[in-house]
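*Asks:* The opening residue of the sequence shown carries number 1 in full-length UniProt numbering; numbering runs sequentially from there.
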Amino acid sequence: MIDIPLEEKLFMGYAWLSMGLYLILVIALLMWRTHVDLFRTSYYTLFLLQATADFYAFLVVEFVMRARKFNYFNLFSANMHSFAVFTYYNSATAKTSLCCAQMVIAFNRFTVFYKPVTYEKDKSSILLTLRITPFSNLIETALTALKAVKLDANATHLEKVITGKACRVAVKESLRDYRRTKLLEAAETKSSIKRCKRDLNDQRNVMAALKDKEGKMQSSRRAMENIVQQFYTELFRSSTLVPRCPLPPPEDLLPILESEVGQAIKSMKKGTAPGPDNIPADLLRAGSTALHSVLARHFNHYLRKGMIPDQWKESKTILLFKKGQREDIANYRPISLLSVVYKTFTKILLNRMERILDDYQPVEQAGFRKNFSCMDNIQAVTQLIERSREYHLPLVLVFVDYKKAFDSVEINAVLNALAHAGVPSVYIRLLEQCFSDNSTIIQLFDRKLKIPIERGVRQGDTISPKLFTAALQYAMSELDWEDKGYSIDGKKISNLRFADDIVLVANSTAEMETMVNELNVAGLKIGLEMNMSKTQLMVNQWCDVGEVNLAGKTLQRVDSYVYLGRELNMRNNIASEITRRRRAAWAAFGSIREVTDQIKDPAIRASIFNASVLPAMCYATETWPDNETIAKAMRTTHRALERCLLKTSRYQQWHQGLRSTELREKSQLKDPLQYMQRMKHRWAGHLLRRNDDRWSLRVTEWLPRNKTRPLGRPPTRWADSFTKYFRQRGLPHWMQVARNRAVWKSCGPR
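1. For Met307, I'd like the list of residues in its chain whose CB is within less than 8 angstroms of its CB, leaving aside the five on either flank, ordered along the chain.
2. For Trp734, decide whether its Cβ has a neighbour in chain B, counting only Cβ atoms nearer than 9 angstroms.
3. When you compare the CB positions of His420 and Cys644, do they come within less than 9 angstroms of one another, or not?
4. Considering Ala419, what are the terminal residues of the alpha helix (DSSP H) in which it resides?
5. Could you compute how far the alpha carbon of Ala142 sits from the alpha carbon of Glu622?
6. To which residues of the same chain is Ala522 closer than 7 angstroms at the C-beta, ignoring the five residues directly before and after it?
7. Do you know how far the Cα of Ser239 is from the Cα of Gly460?
8. Between the alpha carbons of Lys216 and Glu327, how many angstroms are there, rounded?
9. Using a 10 Å radius around the Cβ and a threshold of 16 neighbouring Cβ atoms, would you call Thr289 buried or exposed?
10. Apply the 10 Å Cβ neighbour rule to Leu731 and answer buried if 16 or more other Cβ atoms are within range, or exposed otherwise.
11. Helix, strand or coil for Met570 per DSSP?
12. State the start and end residues of the unbroken alpha helix (DSSP H) segment that holds Phe435.
13. I need the boundaries of the alpha helix (DSSP H) containing Ile227, first residue and last residue.
14. In chain order, what residues of the same chain have a beta carbon less than 7 angstroms from the beta carbon of Arg709, not counting five sequence neighbours either side?
15. Please report the distance separating the alpha-carbon of Leu449 from that of Lys322.
16. Cα separation between Thr514 and Arg727?
17. Rounded to the nearest angstrom, what separates Val341 and Lys160 at their Cα positions?
18. What residues in its chain sit with their C-beta under 7 angstroms from that of Gly456, if we drop five residues either side in the sequence?
19. How long is the line joining the alpha carbons of Gly422 and Leu253, rounded to whole angstroms?
20. Is the region 592-606 in contact with the region 656-668, if contact means three or more CB pairs nearer than 8 angstroms?
21. Determine which residues share a DSSP beta bridge with Met530 and list them.
22. To which residues does DSSP link Ile139 through a beta bridge?
23. Determine the direct distance from the alpha carbon of Lys466 to that of Gly262, and round the result to whole angstroms.
24. How would you call Glu437, buried or exposed, if buried means at least 16 neighbouring beta carbons within 10 angstroms?
25. Helix, strand or coil: which one does DSSP assign to Leu395?
26. Please confirm whether Glu234 and Leu444 have their CB atoms less than 9 angstroms apart.
27. Can you check which of these residues, Asp692, Tyr725, Pro749, Pro715, is closest to Pro362 by C-alpha distance?
28. Could you name the residues that DSSP lists as bridge partners for Tyr486?
29. With a CB to CB cut of under 7 angstroms and the five nearest residues on each side skipped, what residues in its chain are close to Ala187?
30. Could you tell me the alpha carbon to alpha carbon distance between Pro309 and Leu555, rounded to whole angstroms?
31. Can you tell me where the alpha helix (DSSP H) with Lys724 in it begins and where it stops?
32. Within the continuous beta strand (DSSP E) that includes Asp199, where are the two ends?
33. Going by the beta-carbon positions, is the gap between Tyr563 and Val503 smaller than 9 angstroms?
34. Mind checking who Val503 pairs with in its DSSP beta bridge?
35. Check whether the Cβ of Leu357 sits closer than 8 angstroms to any heavy atom of the ligand FMN, and report yes or no.
36. Within the region 661-723, note down every full alpha helix (DSSP H) run reaching 4 residues or more, in order along the chain.
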């Protein structure tokens, strides 16, 4: 055991005790500053106390560091006497006292920064406010003082350091106040807080390092640029030969009207980034009919000639991080910044082709279509899981993920799909011009990397999603799956799609293996390659225990999968999804907390909360069953968020004797359970009034006729809340009532 002399123990204890006492004194002065006019009578006392406390902290750290350097305190017993130690620290004390004296002289120059501090009473808490001069005047005063100190030949180094620090603090406070003011204006005018934050952000996330093909980390700029250029050159290089289908002769089409141009410009989002021509969308939106007339004349010229300007074939690409490791270049999504005039032209073409392309899609495709949404596919999959669990039916699901689907689909496959869908050949030839001889610029640092584009639809173009779904349908139309899949009232469901997110459905692993491999072959013909690590298998307990192999490799079997933002499992257990909704709600609240903490008007604060947090908290709850456990979990989460919004806690609520209803009156927030009930009621009516035979409706109405439900009470079903409500009131079956919009609306929650 190490023997430490008594003097050294006493010295260390004295240093720690002194540091603690001085820190306590500093805190006491800060708390009692209303009784002691600290900043007016002795404005440098606080800094002397803090400097002394920092000095004693330095003593302890220096003591320990020197002791560790020489084999854990053997320094004093073997090489030095305690008297020498105290002599060393006494000299350090003298130097620190001299520095403190110089600090007092330096702070004498800055009395302008420190004003008396007062308390302001508030209903909920005591807010401490430091009243100082306007920030612009403060910065001007600080800069004037800095200039005077720099010109003063007798100024010490410490004075210059403190002066510079004061200027930096003044600038930081000024920027903070400007940010606070802008966010408050955005909240009061009900404009986008997210866009306001983006405009106020003066930082740019720069890649720190990237992994090369061998997995080695590269941090130099040139090496990272080479990695990016090599990756995207290979990604956009055509790898599959797709022969072109012959096109019929061009038809005579109606000219583009000024109203079409105006409608296309009006539909553009505000505040979007400009393309290579640096023309923002807001500039076109500010134009009048004269601008629409000029653009219509040019667009008609391109339509007649079948050619587009070469400038439209160039773009800028920014890389947006998705998730995973930031050092992996594959985890970034390339977004093309295109010419706004070009996007106006393609938007007009899309408006003319939209009906043709939507009619070309089957009911299985719910992505980027009118009157379809994510809820359709989520409802269909959850109802399949619910029925299979209730009736003990085998169910096999495979969630397909493609590698860079939008960036790897072949252009010829897209053009063939348009011809197969019946799009006029004039539009197909124009789109062929839009996708031929393209290039993009990626700029990580100072060098511009030019990448040729030979395949893929450009993410950032409004027409790209429709083109991709058309190409996918063109490939899957060759699959003979009429007799494969899950039988729903005599009709087979084999797959559900939302753009490139595909889920395959079967009742055995053998049939699923055949379907997965056939889909893989069809996808490879148009350039789509499955991601083996993210294509996953999920089966229930009544299915066989066989494996599903894809191209000789076994697919990973999982117990749950996040599909379109909703976590699914074969037990239809909502507990894990509630946890995800809770995290999403707190993340959404964190994004607006900077604004809500400043707002005093409860109505404005509640509207921001309801618009930002409730949708994140209640996403896809339309597809949830209703029970008391779910209601309690959601209510508890919302209460916690409400207390944070009001800057209180459960202890303060209990101490003040406030009930939750009183907090709700103070916050003016919407009740989450009523919000969820209204969403589910509206979704059920929307679903039952569809007449296009979509799978979400067919599976909801489905009851297995050839299977008897096992004995015992089944788990809570999605429709149980509707059935119970209408049965208690002696009304007809809820599915019958839901088909009448007016009657269904009158039966819903208020």
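Don't be surprised by glycine CBs; every beta carbon is placed ideally from N, CA and C.
This structure is a prediction, so every number in the text was calculated from the model and none was measured.
*Replies:* So, from the data block:
1. Gln433
2. As a matter of chain content, chain B is missing from the structure shown, which is built from one protein chain.
3. Here His420 is not near Cys644, since their CB atoms are 9 angstroms or more apart.
4. 411-421
5. One C-alpha to the other measures close to 58 angstroms.
6. If the five residues before and after Ala522 are omitted, its C-beta is found closer than 7 angstroms to the C-beta atoms of Ala475, Met476, Glu478, Leu479, all from its own chain and listed in chain order.
7. 23 angstroms
8. 10 angstroms
9. exposed
10. exposed
11. coil
12. 425-435
13. 221-235
14. Glu390, Tyr391
15. 22 angstroms
16. 45 angstroms
17. 54 angstroms
18. Phe236, Phe406, Asp407, Ser408, Val409
19. 14 angstroms
20. yes
21. Tyr402
22. Paired residues: none, contrary to the question.
23. 22 angstroms
24. The question names Glu, but residue 437 is Asp in the sequence shown. By the neighbour-count rule (16 or more Cβ atoms within 10 Å), Asp437 is not buried but exposed.
25. Of the three classes helix, strand and coil, the one that applies to Leu395 here is coil, per DSSP.
26. Cβ distance not < 9 angstroms, so Glu234 and Leu444 don't count as in contact.
27. Asp692
28. Ile493
29. Ile193, Val595, Ile599, Ile604, Ile608
30. 47 angstroms
31. Counting along the chain, the alpha helix (DSSP H) containing Lys724 begins and ends at 720-728.
32. Here Asp199 belongs to no beta strand (DSSP E); instead the alpha helix (DSSP H) covers 193-200.
33. yes
34. Beta-bridge annotation (DSSP): Val503 is paired with Phe399, Leu496.
35. The ligand FMN is absent from the structure shown, which contains no ligand whatsoever.
36. 672-688, 695-701
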